[in-house]
Amino acid sequence: MKATPSNERRQGRQRRERRERVATQISNQKKARLSSIEIFRLDGEGLGQHLDAIAEILHACVHDGANVGFVLPFDLNQARAFWAEKIAPGLVANSRIVLVAKVNNQVAGTVQLNLDTPPNQPHRADVSKLLVHPKYRKLGIGRALMEQIESYAENDGRRLLTLDTATDIAENLYLSLGYERAGHIPGYARDPNEDRFVGTTIMYKVLPGSLRLVRPSAYV
Ligand SMILES: CC(C)(COP(=O)(O)OP(=O)(O)OC[C@H]1O[C@@H](n2cnc3c(N)ncnc32)[C@H](O)[C@@H]1OP(=O)(O)O)[C@@H](O)C(=O)NCCC(=O)NCCS
C-alpha cells in the first residue's frame, strides 16, 4: 500500500484498535479469574487453621528470591515460627490485620497491616508482607489484597499508609495504586540468596476521604 498521509492515519487507527482489543481481552480474562478470589481476615484461631498454608506461601516466596526479611537456608519450620511467634500475638491483641486470599479454595496470598503505631501516629499504619505464591502470580491477587487492606485501614481511621519494598514488581504495583516514593535506602538488607546487600524503597500513600483524625490544614 502507498504511504500517503491518509493510509498512515488508517494504519495507525487499525493498530490502536488492535491494541485496545487485546487489552480488553486480557482484562476480561483477568476479571474471570478474579471472580474466584476470596479475601478474608484471619483471627488468632484462623491463623492456627491456615498456618501450614501461609507458612508454605512465605517459604515459597523466599525460595523464589523475594527479599522479605529472610535468607536461605530457610525451612518450613522457620516459616511456621514466623507466623506463630511474630504475627499471632498482634492478631490476638488486635494490633495487626492479616488478610488471606484464596483461589479455588486454595490459599494463594496474604498481606498485613500493622496498627501498632506510637501514640503520636494514630492516623498511620504499616503495610507489610504482601506475598503471593509463585503458582498464583499475575492473576490480580496482589492488587486485590492491597485494595482490601486499604479498606481495612480506612475503616480503622488510618489515613497514612507506609511500606518499604525491595522489588521492582511490587514497587510498580504500589505506584499504580497511588503510593509515592519517599526515597531509596541503598544496602538496606541482605539478598536472600547471595552475599550482597540490596536497597529498599520507602513508600507512602495518603488515603482520600478519611480525614477523621487529621485535618488537611494540620497535615504538613
Ligand atoms: C509483588 C507480588 C505480591 C505481586 O503479586 P501478583 O498477584 O502477581 O500481582 P498482580 O497480579 O495483582 O499484579 C499487579 C501489578 O503488579 C505488576 N506485576 C505483577 N507481576 C509482574 C511481573 N512479573 N512483571 C512486571 N510487573 C508485574 C503489574 O504492574 C501488575 O499490574 P496489572 O494488574 O496492571 O497487570 C508478587 O510478585 C510477590 O509475592 N512477590 C514476592 C514477594 C514480594 O516481593 N512482595 C512485596 C513485598 S514489599
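If you're matching positions, the sequence shown starts at -8 in the numbering used here and goes up one per residue.
Here a beta-carbon is modelled for each residue, glycine too, at the ideal position from N, C-alpha and C.
Worksheet entry | Whole-number beta carbon distance between G178 and T190, since they are thought to touch under 8 Å | To locate residue 190, count along the sequence shown from 1; it is residue 199. To locate residue 178, count along the sequence shown from 1; it is residue 187. Per the sequence shown, residue 190 should be read as Gly rather than Thr. That pair is a contact at about 6 Å.
Fill in: Outcome for T192 when other beta-carbon atoms lying within 10 angstroms are tallied against a minimum of 16
What you label residue 192 is simply residue 201 of the sequence shown in a count that begins at 1. Buried, by the Cβ-count rule.
Discussion item. At 3 residues or longer, what runs of the beta strand (DSSP E) sit wholly inside the segment 90 to 147?
Written reply: Those beta strand (DSSP E) runs which fall completely within the segment 90 to 147 and span 3+ residues are 97 to 105, 115 to 123.
Fill in: Collapsed DSSP secondary structure at R71 in the structure displayed
Indexing the sequence shown from 1 puts residue 71 at position 80. Looking at R71 - three-state DSSP - the assignment turns out to be helix.
Discussion item. Using the three-state DSSP reduction, which class does Y170 fall into: helix, strand or coil?
Written reply: Here the question's residue 170 lines up with position 179 in the sequence shown. Here Y170 carries a coil assignment [DSSP, helix/strand/coil].
Worksheet entry | Where H50 sits in the DSSP three-state scheme | Within the sequence shown, residue 50 is the residue found at index 59, counting from 1. Collapsing the DSSP output to three states places H50 in a helix.
Worksheet item: Of the choices P109, S167, T108, whose alpha-carbon is the least far from that of A135?
Response: Stepping through the sequence shown from its first residue, residue 135 is reached at position 144. Closest option to A135, Cα to Cα, is S167.
Item to complete: Look at the alpha carbon of G100 and the alpha carbon of I28, and state the distance between them as a whole number of angstroms.
Response: For the purposes of this step, residue 100 is identified with residue 109 of the sequence shown, where counting begins at 1. For the purposes of this step, residue 28 is identified with residue 37 of the sequence shown, where counting begins at 1. Approximately 10 Å, taken between the alpha carbons.
Discussion item. According to DSSP, D155 sits in a beta bridge with which residue or residues?
Written reply: In the sequence shown, the residue the question calls residue 155 occupies position 164. In the DSSP assignment, D155 forms a beta bridge with I193.
Worksheet item: Whose CB is closer than 5 Å to a heavy atom of ligand 1? List the residues in chain order.
Response: Taking each Cβ in turn, the ones that pass are C52, A57, L121, L122, V123, R128, K129, G131, I132, G133, R134, T156, T158, I160, A161, N163, L164.
Worksheet item: Roughly how many angstroms lie between the CA atoms of V59 and V53, to the nearest whole one?
Response: On the sequence shown, residue 59 is found 68 positions in, with the first residue counted as 1. On the sequence shown, residue 53 is found 62 positions in, with the first residue counted as 1. Rounded to the nearest angstrom, the two C-alpha atoms are 7 Å apart.
Worksheet item: Is the Cβ-Cβ distance between V118 and Q103 less than 9 Å?
Response: On the sequence shown, residue 118 is found 127 positions in, with the first residue counted as 1. On the sequence shown, residue 103 is found 112 positions in, with the first residue counted as 1. Contact: yes.
Worksheet item: Is A70 buried or exposed, if buried means 16 or more other CB atoms sit within 10 Å of its CB?
Response: Position 79 of the sequence shown, counted from the first residue, corresponds to residue 70. Answer is buried; the Cβ neighbour count reaches 16.
Worksheet item: In its own chain, which residues sit with a C-beta less than 7 Å from the C-beta of A173, not counting the 5 before and 5 after it?
Response: Counting from 1 along the sequence shown, the entry for residue 173 is found at position 182. Same-chain partners within the cutoff: I193, M194, Y195.
Fill in: Exposure label - T(-5); buried when at least 16 CB within 10 Å
Numbered from its first residue, the sequence shown carries residue -5 at position 4. Answer is exposed; the Cβ neighbour count stays below 16.
Practice prompt. Keeping to the same chain, check which residues put their C-beta closer than 6 Å to that of H50; ignore five residues upstream and five downstream.
Written response: Indexing the sequence shown from 1 puts residue 50 at position 59. So the qualifying residues of the chain are L67, A70.
Worksheet item: Quick one: what's L33 bridged to in DSSP?
Response: For the purposes of this step, residue 33 is taken as the residue at position 42 of the sequence shown. According to DSSP, residue pairing for L33 in a beta bridge involves V89.
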